[in-house]
Amino acid sequence: MDFGYPWWLSYGHTAVAVPALLLAWAGWRRGWSKWLLAPLCALALWAGAAQAVVLLVIRPDVVPPMPTASFLASGEGRVLDIGAGTGRSTIMLLRERPRARAVASDLFGDSFDHHFGHGGSPQERLMRNLRAAGVADRATVATADMRQLPFAAGEFDGVVSAFAMDHLNREGSAQAVREAARVLKPGGEFLLMLVYNEPWARFSYGPMISHGGYRGGPWWYGQLREAGFEVAESGTQPLTMWFWARRK
Ligand SMILES: C[S@@+](CC[C@H](N)C(=O)[O-])C[C@H]1O[C@@H](n2cnc3c(N)ncnc32)[C@H](O)[C@@H]1O
């Protein structure tokens, strides 16, 4: 599977660690001052450790684990993935809930090709990944703006949105949360996952991955409540803040 995330998210630290180490080694051979060598060694050490954290803990280019067993515990139902992108969240859902069906929706706009472009149309790339994961027979693809979803009220048993609603500004995010509530049946479930600068992410990426960070948990919690959700669980996992909510 190719989720098309930029290479530096997964391997950028190696591109820092190796030159820093080589330069420190060359400098040591030539007798550079310790004031020059010490920061180079520190940079190489941090970049090496951060690379290990990215590959072993954060794993940005791998299907994330579903953060809670409570979401769609019945294991079945029709679920809308909002901002499905190249399919990581749809695959997470369909693998972990093997009787569920999904509509994988995305705007598939210009930024999609810019950030997630590796051959074929965005919809083809998404379907390719769903086929490779063996879940394509339970999924359909729809082009949809999350701020104005082209679905009827109460159409879905569940909604998933992973690392997508925090791409929008406050007004857009609030609209998207309200739309998620509208398309859910009463009692329907919403799993919202957002990029979160938790300690592993801060150590590895510093302030580089900050979308959503400015708003924080209480802001999202407030939007969910205003849209008519009851938040039943919330928590964090590497790179992720998540909420499991039910439509009242
Ligand atoms: C970081 S990707 C997340 C993809 C996937 N959910 C995952 O977990 O890897 C964010 C996605 O949100 C989509 N997106 C951004 N604005 C959108 C909008 N207004 N409506 C629908 N999708 C949008 C982008 O096209 C992109 O595919």
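Numbering-wise, this note's numbering comes out as the position in the sequence shown, counting from 1, plus 1145. Idealized CB from N, CA, C, for every residue including glycine. Note that the coordinates shown come from a computational prediction; the quantities given were computed from them, not determined experimentally.
Thinking C-beta only, is residue j closer than 8 Å to residue i?
i, j, result
"LEU1294", "ALA1284", "no"
"LYS1393", "GLU1371", "no"
"ALA1172", "LEU1190", "Checking the sequence shown, residue 1172 turns out to be Gly, not Ala. Contact flag unset, no."
"ASP1206", "TYR1150", "yes"
"LYS1330", "GLY1299", "yes"
"ASP1282", "GLY1222", "no"
"GLY1264", "ALA1249", "no"
"VAL1224", "VAL1328", "no"
"ILE1203", "TRP1365", "no"
How many angstroms separate the CA atom of residue i from the CA atom of residue j?
i, j, result
"PHE1335", "GLY1254", "24 Å"
"ALA1229", "PHE1296", "16 Å"
"VAL1199", "THR1235", "22 Å"
"ALA1169", "GLY1157", "19 Å"
"SER1318", "ARG1270", "25 Å"
"GLU1320", "LEU1369", "Checking the sequence, you will find Gln at residue 1320 rather than Glu. Straight-line Cα distance between these residues: approximately 11 Å."
"PRO1164", "ALA1377", "48 Å"
"MET1146", "LEU1188", "32 Å"
"SER1219", "GLY1193", "43 Å"
"ALA1307", "GLY1380", "14 Å"
"ALA1326", "SER1349", "35 Å"
"ARG1246", "ALA1287", "14 Å"
"PRO1383", "LEU1252", "26 Å"
Using alpha carbons as the reference points, say which of the options lies closest to residue i.
i, options, result
"ARG1360", "ASN1342, ARG1347, ALA1346, GLY1351", "ASN1342"
"ASP1290", "VAL1322, LEU1271, ASP1282, ALA1281", "VAL1322"
"TRP1389", "GLY1264, ARG1273, LEU1217, LEU1167", "LEU1217"
"PRO1352", "VAL1340, GLY1362, PRO1363", "VAL1340"
"ARG1292", "LEU1200, MET1146, ASP1311, GLY1303", "ASP1311"
"GLY1333", "LEU1188, MET1146, TRP1153, SER1215", "SER1215"
"GLY1362", "ARG1174, TYR1350, SER1266, TRP1387", "TRP1387"
Neighbourhood of ligand 1 [Cβ distance below 5 Å to any heavy atom], ordered by chain position: GLY1228, GLY1230, ARG1233, SER1234, ASP1251, LEU1252, PHE1257, ASP1290, MET1291, ALA1307, PHE1308, ALA1309, HIS1312
Inspect the CB distances between the region 1209-1225 and the region 1235-1249 and report whether three or more fall short of 8 Å. yes
Under 8 Å: do the region 1177-1184 and the region 1267-1281 share three or more Cβ pairs, one atom per stretch? no
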